[in-house]
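Asker: Below is a structure I'd like to ask you about.
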Amino acid sequence: MTMDVMAKMIKAEVKNLTFRYFDKGPESKVILNSINLPVYENKITALIGPSGCGKSTLLRCFNRMHDLYGAIRYQGQIIVQPSGFDILSQQIDPLEVRMKIGMVFQKPNPFPKSIFENVAFGLKVRGMKKKSYIDEKVEDSLKKAGLWREVSDRLNKPATALSGGQQQRLCIARALATEPELLLLDEPTSALDPLSTAHIEELIGELKKTVTILMVTHNLHQAGRASDYTAFMYLGDLVEFGESSQVFTNPKQEKTENYITGRFG
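For the sequence shown, position 62 matches number 109 in my numbering, and the numbering has no gaps at all.
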């Protein structure tokens with residue numbers, strides 16, 4: 048495959064990203080150290096590594112969530128294609144970024160609203176007022192999340208009445224409603240039972256046909272079976288990146304091998 052073809056397949060690219068935060072005083076702590084990472088279009092990329100290695104920090108850089116938490120500093124870029132905009136640019140409103148980059152968290156977090164209002168929330172924040180359009184997008188998003196058949200007759204019921212697995216799929220539908228360019232998943236199945244986990248994994252396998260997915264997981268089996276590419280991180284460094292089949296069966300770095308074989312982590 049030529050470099051030109053590979054470049055066309057890249058949806059986002061992390062370039063020399065260093066992230067640090069300032070706890071107290073002028074001293075800072077480096078959490079991410081000069082990360083370079085391609086995120087390929089319509090693929091699932093898994094971020095793995097031991098707790099505290101920086102994978103969730105990296106994920107949250109993609110939608111500028113760290114901006115909400117005080118004294119931090121980005122160095123480097125996260126470029127999204129084909130527009131070429133830099134997510135980390137100070138000239139870009141973080142709210143605009145979050146509309147383009149959807150996120151689903153570890154624990155399902157439906158709003159204390161109806162099922163319908165949860166999915167329609169982002170559309171209304173964007174200023175959409177046409178009822179027929181909102182109705183269509185809510186139905187389409189729930190169908191993409193595999194939830195429409197289960198809730199179509201109770202859209203006005205509280206979202207909190209859904210089961211845990213249904214709530215997580217609702218959160219995915221909510222993220223999809225604004226047609227994001229990237230979908231971020233932060234350990235999306237860690238709070239779910241095995242059956243719900245299987246449903247979510249099957250769902251994201253379908254979703255990659257229409258959206259690029261970046262996923263943090265502590266579950267190595269999940270990373271191996273559900274992702275196309277895997278990035279192994281350790282102490283703020285990106286140690287290894289490649290196709291998941293290669294990373295899990297023939298890792299190039301000793302640290303990667305030690306982690307996936309359970310020698311540390």
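Every residue, glycine too, gets a C-beta built ideally from N, C-alpha and C.
Everything numeric in this text was worked out from a predicted model, so none of it was measured.
Can you check the region 162-206 for any alpha helix (DSSP H) of at least 4 residues that lies completely inside it and give the ranges in chain order?
Answerer: Listed in chain order, they are 162-172, 178-191 and 195-198.
Asker: On the DSSP bridge list, what partners appear for Ser136?
Answerer: Ser136 is not bridged to any residue.
Asker: Using the DSSP secondary-structure output, state which residues sit across from Gly277 in a beta bridge.
Answerer: The sequence shown places Thr at residue 277, rather than the Gly named in the question. Ala93 and Gly289.
Asker: Mind checking which residues open and close the beta strand (DSSP E) that includes Thr353?
Answerer: This structure leaves residue 353 out entirely; the chain is present only between 48 and 312.
Asker: Helix, strand or coil: how does DSSP classify Lys154 here?
Answerer: The answer is coil: DSSP assigns Lys154 none of H, G, I, E or B.
Asker: Whose CA, out of Met262, Ala206, Phe66 and Val286, lies closest to the CA of Gly123?
Answerer: The candidate whose alpha carbon is nearest that of Gly123 is Phe66.
Asker: From Lys204 to Thr104, what distance separates their C-alpha atoms?
Answerer: Approximately 35 Å, taken between the alpha carbons.
Asker: By the DSSP assignment, the beta strand (DSSP E) with Gly123 in it spans what residues?
Answerer: Segment Ile119 to Val127, the beta strand (DSSP E) holding Gly123.
Asker: Express the C-alpha separation of Leu202 and Thr49 in angstroms, rounding to a whole number.
Answerer: Reliability fails at Thr49, whose pLDDT of 47 lies under 50, so the model's placement of it is uncertain and the value that follows must be treated cautiously. Answer to the nearest angstrom: the Cα atoms are 48 Å apart.
Asker: Between which residues of its own chain and Ser98 is the CB-CB distance below 6 Å, once the five residues before and five after are set aside?
Answerer: None.
Asker: Is it buried or exposed for Lys178, if we count other Cβ within 10 angstroms and need 16 for buried?
Answerer: Burial call: exposed.
Asker: Can you find the residues in the same chain that come closer than 8 Å, C-beta to C-beta, to His250, ignoring five residues on each side of it along the sequence?
Answerer: The sequence as given places Leu at residue 250; His does not occur at that position. Contacts found: Ala192, Gly193, Arg216 and Ile219.
Asker: How would you write the range of the beta strand (DSSP E) that Pro85 sits in, first residue to last?
Answerer: Ser75 to Tyr87 is the span of the beta strand (DSSP E), which, as asked, contains Pro85.
Asker: Do Glu226 and Val127 count as a contact pair if the criterion is CB distance below 8 Å?
Answerer: Not a contact, by the Cβ cut-off of 8 Å.
Asker: In three-state terms, what does DSSP make of Glu60?
Answerer: In the structure shown, Glu60 sits in a strand (DSSP, three-state: E or B).
Asker: So what does Tyr68 bridge to, in DSSP terms?
Answerer: Answer is Lys76 and Ile119, bridged to Tyr68.
Asker: Considering only residues of the same chain and omitting the five flanking positions on each side of Gln214, which have a CB-CB separation below 6 Å?
Answerer: The residues are Pro155 and Pro157.
Asker: In three-state DSSP terms, what is Gly309?
Answerer: Correct three-state label for Gly309: coil.
Asker: Classify Asp233 as helix, strand or coil using the three-state DSSP reduction.
Answerer: DSSP places Asp233 in strand when its eight states are reduced to three.
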